[in-house]
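Single-structure report; data block below.
There are 2 protein chains.
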Amino acid sequence: MERYKIGLIPGPVSVPTEIRDAWKIDYASSDLEDEFFTLYHENQTLTQKLLHTRNKIVITSGEAMSILWAALKCTLKQNEKMLAVSSGLFGTGFAEMARAFGVNAGVCEVPYDEIPDAQKVYDHAKNFRPKVITAVHCETPSGTLTTNLAEIGAIAHELGALFVVDFVSSVGGVDLDVDACNIDVGLLGSQKCLSLTPSLSISSISQRAWEVIKSVNYSGYEAYKDWEDVPEIHYMPYTHDWHSMKALNISLSRIMNETPEKVYARHSEVAKLCRDFGQEMGLKLFPKSEYFSSPTVTAFYVPENFTWKEFDSALRERGLAIGGNYGVLAGKVFRIGHMGNQADYELVKNGMNVIREVIKERA
Amino acid sequence: MERYKIGLIPGPVSVPTEIRDAWKIDYASSDLEDEFFTLYHENQTLTQKLLHTRNKIVITSGEAMSILWAALKCTLKQNEKMLAVSSGLFGTGFAEMARAFGVNAGVCEVPYDEIPDAQKVYDHAKNFRPKVITAVHCETPSGTLTTNLAEIGAIAHELGALFVVDFVSSVGGVDLDVDACNIDVGLLGSQKCLSLTPSLSISSISQRAWEVIKSVNYSGYEAYKDWEDVPEIHYMPYTHDWHSMKALNISLSRIMNETPEKVYARHSEVAKLCRDFGQEMGLKLFPKSEYFSSPTVTAFYVPENFTWKEFDSALRERGLAIGGNYGVLAGKVFRIGHMGNQADYELVKNGMNVIREVIKERA
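Printed below as a string of structure tokens:
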């Protein structure tokens, strides 16, 4: 399918016309014009507000994987130690990525249907003494939200580690206080709760992190080092994407106009609808407790009398597209993405109705 | 300025409405849909045709700097040897980038107003024995076209080196036969002759290069290794940008419909107009010989009775935006970008008329 009738993929999400309208303009050169740097700065300020942080915001071109790599490569050198706090595929993924460039990466893991255990993290980290501790706010494949980031952040800082958090698929749909959680490097994607194309990546970087970034001095497309003072010096390491920067501005302004509180309430309500409706029709929630379930994405087990392929095909025949899964969760757990533009009560209700029909038909 | 009345920046260039129309559609998920992989494959085939190559095409998200890094990081390990053939800022830039991750990089340099000397390259490379030789087809800051890539490519292959070529700002405006030039890794940007936003990067990769890429086994956002069989395996290392992929398809189709021959003729004619008109009004061409001047960008010395800032301001007051310069060329040499959508006879004539007015006024 090129377009979805009912699209509930947990990212990339549907991009509303109002945001795609950014491409109506034939912009000037982002390398040269004051107006671009003003826009960049405006987006920094709006993002700081959204994240409750005074940390610097860096907005780069490319998909969110670029900053997952950036956060690791810019803070860790070969043989240095990192601890990946994991309750899912992306949590463990951080350790795999770091090992790929020679980092000594440990994993503090819990089952994928739970959220991290702060005491276990403390014990592991106290013994291992990592330079960096990583965590994931929303484990999209598991549909879980790590609600105890503040505790993990406090542990990281108590032990002198930098705290790197992937909040790619939560921020914009869930309130997160970056400074209260001691997040040194925070990572946000554009194609999730911000309802943009997957063309920008946004990082929040603390003063402690900048110091480490300078000492590591990593060079590459993912390097943060030349982004610290972009709007002040009017220089970037490459030509930026003005259209996407404008689209981000529209998206952030929409959130501020609706008010973040209302946006989060909308996500919570729609997530509750999804969980309640699903369980009512006999679906089993993947997260062990409703309390762990993310307001941005809901994960259920694939119904027992279907393979994932059969289930997905039957839904697609009726115009509904939802997310499957990866790794150990592939074929077993499916996901409904109700983030950003898709945190829409009617849309999710329509989608859940289709699921009910398909399940009923086979019952 | 947010938009240009007469825009002649040598990239990012003006993006025509027809290409920006790709953003009118609310696309499905590029991770999941056959239609996306079909589009990706179609763009691969069109690019192969444009480049006269049977090498595999890789299309990634992010600005062209991402693949300049990719080409080096995926083919070279620490302490290995690379030779940068340089006649400009980007030529020497390759060596600086490689040194930043520990490569032993030599530079075979000529003055920036010339093009590389094949005999010098041969002598240098025969003695140095690099694993990789890099070159730049169009040195955008110098406005020169390296017309002897075939000779350098033959030398690279004779000496067993991989040949990496930055053709970011030439392909789509100048004919280049990648296979005849023995180009193992070829690098193309989207915001130059293809008249796209700076959101995609395109690489052509030979079988010899794939073997080296596998042995180096570099991991990161810039890594090529997981892109070899994207359309066949329907899997990518991150969520791709469907809108940009569609925009690329529109751009490549436009070139094929106009026919590449006519597109190249249009670039040549417009470049000639620019050179002739400029010299007629007393401007001095930066390239030592007209024969070195690129059909995509023309570089002149800043007129003697102006500083660059004064000159630029006077042109901008009349609605014309052209390119300044960087590094040793900053303040001395300016550039007129007539590539892609800007390879337009009337547009360039209007721009040159403005330049003539401004020069006349002060004379």
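For the record, the sequence lines run as chains C and Y. For the first sequence, this note's numbering begins at 11 and goes up steadily by one. For the second sequence, this note's numbering begins at 11 and goes up steadily by one. The beta-carbon is built from N, C-alpha and C at its ideal position, and this holds for glycine as well.
Taking only beta-carbon positions, decide if W252/C is within less than 9 Å of chain Y. yes
Here's the rule: buried if 16 or more other CB atoms are within 10 angstroms of the residue's CB, otherwise exposed. What is N335/C? buried
K202/C and F138/C closer than 9 Å at C-beta: no
Closest Cβ-Cβ distance between P297/C and chain Y: below 9 Å? no
Span of the beta strand (DSSP E), counted from its first residue to its last, around R345/C: V343 to G347
Under 9 Å, do I16/C and A309/C count as touching if we go by C-beta distance? no
Can you list, in chain order, the residues of its chain whose CB lies under 8 Å from that of F302/C, leaving out five sequence neighbours each side? D123, E124, I125, T154, L155 and T157
List the residues of chain Y that E5/C touches, going by C-beta distances under 7 Å, in chain order. Only positions 11 to 373 of chain C appear in the structure, and residue 5/C is not among them; the question remains open.
Of all the alpha helix (DSSP H) runs that stay within the bounds of the segment 287-348 of chain C, which reach a length of 4 or more residues? 318-327
Cα-Cα, which of L49/C, P241/C, A80/C and V188/C is closest to F177/C? V188/C
R254/Y and L210/Y closer than 9 Å at C-beta: According to the sequence displayed, residue 254/Y carries Ser and not Arg. Against a cut-off of 9 Å, the Cβ pair of L210/Y and S254/Y comes out as a contact.
Whole runs of the alpha helix (DSSP H) within the segment 39-63 of chain C, excluding any shorter than 4 residues: 44-61
Residue closest to K34/Y, alpha-carbon to alpha-carbon, out of I35/C, R30/C and Y37/C: R30/C
Interface positions of the segment 97-128 of chain Y facing chain C (Cβ-Cβ less than 8 Å), listed along the chain: M107, A110 and F111
Using a Cβ-Cβ cut-off of 9 Å, state whether R13/C counts as contacting chain Y. yes
Count Cβ pairs between the segment 238-254 of chain C and the segment 46-66 of chain C that sit closer than 8 Å; are there 3 or more? yes
Could you check how far apart the C-beta atoms of S5/C and V68/C are, in whole angstroms? I think they sit under 8 Å. Past the boundaries of the shown model lies residue 5/C; chain C is included only from 11 to 373, so the question cannot be answered.
Starting from the beta carbon of G355/C, find every residue of chain Y whose beta carbon is closer than 7 Å, and list them in chain order. One detail in the question is off: residue 355/C reads as Tyr in this sequence, not Gly. Going along chain Y, no residue has its Cβ under 7 Å from Y355/C, so there is no contact; the nearest lies around 19 Å.
Within-9 Å CB hit, A135/C to chain Y: no
Quick one, are the C-beta atoms of H147/Y and V174/Y less than 9 Å apart? no
Hey, does M374/Y have any beta-carbon neighbour from chain C nearer than 9 Å? This structure cannot speak to residue 374/Y, because chain Y is shown only from 11 to 373.
Which residue from A32/C, M291/C, P22/C and H277/C puts its Cα closest to that of R372/C? M291/C
Assuming A171/C is part of the alpha helix (DSSP H), what are its boundary residues? Per DSSP, A171/C belongs to no alpha helix (DSSP H) and is neither H nor E.
Comparing the C-beta of K87/C with each C-beta of chain Y, is any distance below 9 Å? no
Closer than 8 Å is the cut-off here; do at least three beta carbon pairs connect the segment 338-352 of chain C with the segment 312-322 of chain Y? no
Can you pull the chain Y neighbours of G361/C, defined as C-beta to C-beta under 9 Å? Residues of chain Y passing the Cβ test: none, with the nearest at roughly 14 Å.
Is it true that the CB of L86/Y sits closer than 9 Å to the CB of V377/Y? Because residue 377/Y is not part of the residues shown, which for chain Y are 11 to 373, the question remains open.
Around the C-beta of N89/Y, are 16 or more other C-beta atoms found within 10 angstroms, so that it is buried, or is it exposed? exposed
At least one CB of chain C closer than 9 Å to the CB of Y274/Y: is that the case? no
Nearest to V181/Y by CA position, among Y355/Y, I346/Y, D322/Y and S304/Y, is which residue? S304/Y
Under a Cβ-count criterion, where at least 16 other Cβ atoms within 10 Å of its own Cβ denotes burial, should T249/C be classed as buried or exposed? buried
Other residues of its chain near R276/Y: CB distance less than 6 Å, five sequence neighbours each side excluded: A353
Using a cut-off of 8 Å between C-beta atoms, extract the partners of E327/C located in chain Y. Residues of chain Y passing the Cβ test: none, with the nearest at roughly 15 Å.
Which of the three DSSP states is assigned to L78/C in this structure? helix
If I measure Cβ to Cβ from K359/C and keep anything under 7 Å in the same chain, skipping five residues before and after, which residues do I get? L283
According to DSSP, C191/Y sits in a beta bridge with which residue or residues? Note: C191/Y sits in no beta bridge, so no partner.
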